[in-house]
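Asks: Let me begin by handing over the structure; questions about it come next.
Residue numbers (my numbering): 318 to 551.
Right under this line is the structure:
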């Protein structure tokens with residue numbers, strides 16, 4: 318017996334209802350979805366233009382519509398609001414994407430029995446990441462040069478003086494100072510032999526000394542001379 322479209326829709330609605338009941342959803346979400354499925358199954362009459370939106374929807378399509386913007390078609394079911402969509406998303410995880418079929422290149426490696434030598438996706442992603450990093454480094458603009466005097470850490474270290482330069486005196490700025498020439502004093506002439514004093518010079522010196530003596534000194538000299546004259550000669 319051939320299956321009619323109505324039978325297919327009914328089977329999908331029954332399977333979807335059994336699946337939703339087994340998820341232990343909040344009562345409000347179960348009631349709203351069950352009323353729409355009852356319209357699909359003919360167990361309830363829906364309002365004009367409302368109800369029966371889950372007709373022909375299977376489990377995969379329900380999950381796909383649930384994670385559309387604002388809940389997709391499920392958000393348009395009567396009595397289904399944002400809180401119900403949020404509760405459904407917490408109870409029903411998003412289905413993972415199916416693995417992509419192998420490319421022609423991977424099939425070629427497999428045909429020749431070289432699966433171990435085929436590049437793995439992780440290695441390809443790492444290689445592409447390295448290439449993009451190299452391109453970003455190459456295209457990066459040079460660092461901007463700051464204005465003003467460089468910092469101490471950026472200054473170049475002074476080069477060590479050479480052996481010849483270290484011995485030479487440093488040149489000073491400004492006019493050179495005048496260095497006074499050392500004057501050489503003439504050599505003193507040898508002293509001539511002094512001649513013996515003449516008698517006249519002695520008398521003149523005695524007279525000069527006598528005039529410079531104090532009166533008491535003069536009296537002392539006179540008393541000494543008188544004692545020498547009076548003293549008996551031995």
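Yeah, the Cβ is synthetic: ideal placement off N, Cα and C, and Gly gets one too.
Is it buried or exposed, residue 335, if we count other Cβ atoms within 10 angstroms and call 16 or more buried?
Replies: Result: exposed.
Asks: Tell me the rounded alpha-carbon separation between residue 529 and residue 541.
Replies: The alpha-carbon atoms of residue 529 and residue 541 are separated by roughly 18 angstroms.
Asks: Hey, how far is the Cα of residue 545 from the Cα of residue 531?
Replies: Rounded to whole angstroms, residue 545 to residue 531 spans 21 angstroms at the Cα level.
Asks: In the DSSP assignment, find the alpha helix (DSSP H) that holds residue 411 and state where it starts and stops.
Replies: No alpha helix (DSSP H) contains residue 411, which DSSP labels as neither H nor E.
Asks: Secondary structure at residue 489, three-state DSSP: helix, strand or coil?
Replies: Looking at residue 489 - three-state DSSP - the assignment turns out to be coil, as it is neither helix nor strand.
Asks: What residue does the alpha helix (DSSP H) around residue 353 start on, and which one ends it?
Replies: Residues 344-358.
Asks: Quick check on this structure: which residue in 342, 351, 371, 548 has the alpha carbon closest to the alpha carbon of residue 403?
Replies: Among 342, 351, 371, 548, the Cα nearest to that of residue 403 is on 342.
Asks: If you draw a straight line from the alpha carbon of residue 331 to that of residue 389, how long is it in whole angstroms?
Replies: Roughly 21 angstroms separates the two Cα atoms.
Asks: In chain order, what residues of the same chain lie with their CB nearer than 7 angstroms to the CB of residue 392, ignoring the 5 residues before and after it?
Replies: So the list reads 402, once near-sequence residues are dropped.
Asks: Report, in whole angstroms, the separation of the C-beta atoms of residue 353 and residue 370, which I expect to be a contact under 8 angstroms.
Replies: Indeed, because the Cβ distance is near 6 angstroms, the residues count as touching under 8 angstroms.
Asks: Measuring CA to CA, which of 351, 327, 395, 328 is closest to residue 337?
Replies: For residue 337, the nearest C-alpha among the options comes from 351.
Asks: Taking the C-alpha atoms as reference points, what is the distance between residue 407 and residue 464?
Replies: Spanning the two alpha carbons is a distance of roughly 58 angstroms.
Asks: Exposed or buried, what is residue 536 when buried is set at 16 or more other beta-carbons lying within 10 Å of its beta-carbon?
Replies: Label assigned to residue 536: exposed.
Asks: Please report the distance separating the alpha-carbon of residue 356 from that of residue 394.
Replies: Straight-line Cα distance between these residues: approximately 12 angstroms.
Asks: Rounded to whole angstroms, what is the Cα-Cα separation between residue 521 and residue 527?
Replies: Each residue's Cα considered, the two are about 10 angstroms apart.
Asks: Quick one, are the C-beta atoms of residue 374 and residue 333 less than 9 angstroms apart?
Replies: The answer is yes: Cβ separation under 9 angstroms.
Asks: When you compare only the Cα positions, how much space is there between residue 326 and residue 380?
Replies: Cα to Cα, residue 326 sits roughly 17 angstroms from residue 380.
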